[in-house]
Amino acid sequence: MPDAPDPTPSLDAPPRPAAERPKEVFRIVARAEEDGHRARAGVLTTAHGEIRTPGFVPLATKATVRGMLPSEIRDLGYDIVLGNTFHLMLSPGAEHIKERGGLHEFMGWDGPIITDSGGFQVFSMGHGTVADEIKGRTKGKGLRGHGRIDAIEEQGVRFRSHIDGSKQLLSPERSMEVQAALGTDLAVVFDECTPFNVDREYTARSTERTHRWLERCLTFHEQHAPDWQLVYGIVQGGVYQDLRVEATELVASSRVDAVAIGGSLGEHKDQMNEVVGWATAALGGAHERKPRHLLGIGEIDDLVRGVEQGIDTFDCAMPTRLGRHGMALVPDPDKRWRVDLNQARWKTSDEPICEGCPCPACAHGFTRAYLRYLVHTKELLGMRLLTQHNLAFVSRVMQRLRQSIIDGRLTEEAAAIRGGIMP
Ligand SMILES: [Zn+2]
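Dropping the structure here:
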């Protein structure tokens, strides 16, 4: 039987306005520069709406923030989500999503979406392999399933899909092509995510390749992507100050709309803060109006420090992943801001996760005893409630940081958050 014809569009449904390139991408509304801070509060404008900064970006890796409705993400105070180029190109496929109207339409989220480049995922499939290649050792076997890297070439990375073993190429052009097909608001250029345990020589060579790939990404994007899709360049350079500063200058001076800081940020938090500080210092002056994203960082103390250093947006799996594993965020800096509801000690606890928290789990009065039971029996509701709570917690921290920059009291507010004070 032939397919039924499309129903006539309803007259009361206004046509969706065509996406437009914003006239002003990033507007700084306030700064906090006391105590050596470089913090700013701003508004990042995209074709699908505004993002208040500093802000956190929840992960919708496979076109869903797991277990959450788009409206729930919005209600928790989020303006934007992050989709994953690597995963979506393998399943269900970028062209498949394009045929369904693009990623916004496909997943029912009409706000801004950023996609990463896939660089981090493809390289983390074989970090051993990357270092091995340079050091002339035999190839590694990859980490999971039959997904593995076959070759890292100037053209791109050849790998086998972990889903069906099919041969794939992820290159600067392919990554930008996928992101253009997904129709996301913010695309990220394809880079080589420099592994942690490599030396300066490797890092320098890898960073140079990332810069050649940056140029190819921008050229492809200018020719094929919608003009309203904004582009983040990625700063690599490992833990070497001269390489980081050089990379920051080069990326920020290129034709990118915004700058993301990626790659190995060091062994411990002090080193990470130092590395991020090199980059944000180099992003002052002429580059100041370019929004800055810190890739893959999201622990509470890292968010506070990052904001002080002048980072505008962050993404991280932490709040949602912890939630699915029975861990809840709480204002307890000594316990890494978390409580493990898998533990039997909560079996008879009448406490909520967090007194005064407005999230559905706490506001409804669910006890730790009940949540512990849900987590223990792997009930879906437990994962959902803890995901909501954790996202609400991070959202409140970001809102406090943003407001305190606007009100000129960042130092005080940052100290309160670090001290575990949640109003
Ligand atoms: Zn809560």
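In our numbering, the protein residues as written are 5 to 427. Positions of the beta carbon are idealized from the N, C-alpha and C atoms, including for glycine.
Coil, strand or helix - residue i by DSSP
{"i": "Arg259", "result": "coil"}
{"i": "Ala155", "result": "strand"}
{"i": "Lys171", "result": "strand"}
{"i": "Ala290", "result": "helix"}
{"i": "Arg35", "result": "strand"}
{"i": "Asp120", "result": "coil"}
{"i": "Gly87", "result": "strand"}
{"i": "Thr391", "result": "helix"}
{"i": "Thr12", "result": "Low confidence applies to Thr12: its pLDDT is 48, below 50, so where it sits in the model is not reliable, and the reading given next is rough at best. The answer is coil: DSSP assigns Thr12 none of H, G, I, E or B."}
{"i": "Met180", "result": "helix"}
{"i": "His52", "result": "coil"}
{"i": "Arg248", "result": "helix"}
{"i": "Met129", "result": "coil"}
{"i": "Ala67", "result": "coil"}
{"i": "Asp203", "result": "coil"}
{"i": "Phe110", "result": "helix"}
{"i": "Glu279", "result": "According to the sequence as given, residue 279 is Val; it is not Glu. Here Val279 sits in helix by DSSP."}
{"i": "Arg422", "result": "helix"}
Contact check, residue i vs residue j, beta carbons under 9 angstroms
{"i": "Asp305", "j": "Pro337", "result": "yes"}
{"i": "Asp189", "j": "Ile84", "result": "yes"}
{"i": "Glu54", "j": "Val47", "result": "yes"}
{"i": "Gly267", "j": "Cys363", "result": "no"}
{"i": "Gly81", "j": "Arg325", "result": "no"}
{"i": "Tyr244", "j": "Asp261", "result": "no"}
{"i": "Ser179", "j": "Gly122", "result": "yes"}
{"i": "Thr89", "j": "Leu186", "result": "yes"}
{"i": "Met322", "j": "Arg70", "result": "no"}
{"i": "Leu390", "j": "Leu375", "result": "yes"}
Minimum C-alpha distance to residue i - residue among the options
{"i": "Val239", "options": "Tyr206, Pro230, Phe194 and His228", "result": "Phe194"}
{"i": "Phe124", "options": "Asp189, Asn277 and Cys320", "result": "Cys320"}
{"i": "Arg152", "options": "Glu158, Phe370, Ser165 and Gly160", "result": "Ser165"}
{"i": "Ile409", "options": "Phe90, Arg293, Val308 and Val249", "result": "Val308"}
{"i": "Asp354", "options": "Thr371, Leu269, Pro116 and Asp246", "result": "Thr371"}
{"i": "Arg507", "options": "Leu299, Thr284, Pro323 and Glu416", "result": "Given a span of 5 to 427 for the chain in the structure shown, any question on residue 507 remains unanswerable."}
{"i": "Pro74", "options": "His52, Phe318, Pro427 and Asp114", "result": "Asp114"}
{"i": "Ile301", "options": "Gly288, Gly289, Ala290 and Thr317", "result": "Thr317"}
{"i": "Arg340", "options": "Val379, Asp246 and Arg422", "result": "Arg422"}
{"i": "Pro356", "options": "Ala367, Val263 and Ala64", "result": "Ala367"}
{"i": "Asp203", "options": "Lys102, Thr214, Gly270 and Trp350", "result": "Gly270"}
{"i": "Val379", "options": "Gly289, Ala332 and Arg342", "result": "Ala332"}
{"i": "Asp246", "options": "Glu37, Asp154, Trp282 and Val33", "result": "Trp282"}
{"i": "Gln407", "options": "Ala208, Arg44 and Arg78", "result": "Arg44"}
{"i": "Asn277", "options": "Gln313, Leu287 and His297", "result": "Gln313"}
{"i": "Val279", "options": "His291, Pro295 and Leu299", "result": "Leu299"}
Buried or exposed by the 16-neighbour rule on C-beta atoms within 10 Å, applied to residue i
{"i": "Ala418", "result": "buried"}
{"i": "Gly412", "result": "exposed"}
{"i": "Glu157", "result": "exposed"}
{"i": "Arg404", "result": "buried"}
{"i": "Gly242", "result": "buried"}
{"i": "Ala36", "result": "buried"}
{"i": "Asp120", "result": "buried"}
{"i": "Glu359", "result": "exposed"}
{"i": "Gly169", "result": "exposed"}
9 angstroms Cβ cutoff, residue i in contact with chain B
{"i": "Ala36", "result": "The chain labelled as chain B is not found in the depicted structure, where only one protein chain is given."}
_I need the residues with a C-beta less than 6 angstroms from some heavy atom of ligand 1; please give them in chain order._
Ile357, Cys358, Cys361, Cys363, Ala365, Cys366, His393 and Ala396
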